[in-house]
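Counting from 39, one number per residue, gives the positions in the sequence shown under our numbering.
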Amino acid sequence: MIPDTAKEKPQEGTVLAVGPGRFEDGKRVPLDVKVGDVVLYSKYGGTEVKYAGEEYLVLSARDVLAIIEK
């Protein structure tokens, strides 16, 4: 059992860009997320970057917990 104080709280954001996917057994596996999707992601996942005066979070697919359908 994980105490509530140690649990990561999910965060929400909109996907602005995606890469082509990952390679598995020599074949490209496309990503499940697409530009415009709203996703929940791990609080401590990803890398924060600043670009053109804006702050962004770059995530790995494994940091995405869910795609929210509205």
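Cβ coordinates follow ideal geometry from the N, Cα and C atoms, glycine included. In this text, all values refer to a predicted model and were calculated from it rather than measured experimentally.
{"Query": "Under 8 Å between C-beta atoms of E107 and L78", "Result": "no"}
{"Query": "V76 and A55 closer than 8 Å at C-beta", "Result": "no"}
{"Query": "For A104, three-class secondary structure by DSSP", "Result": "strand"}
{"Query": "Through-space distance from V96 to Y82, alpha-carbon basis", "Result": "12 Å"}
{"Query": "Buried or exposed (CB count within 10 angstroms, at least 16 for buried), V87", "Result": "exposed"}
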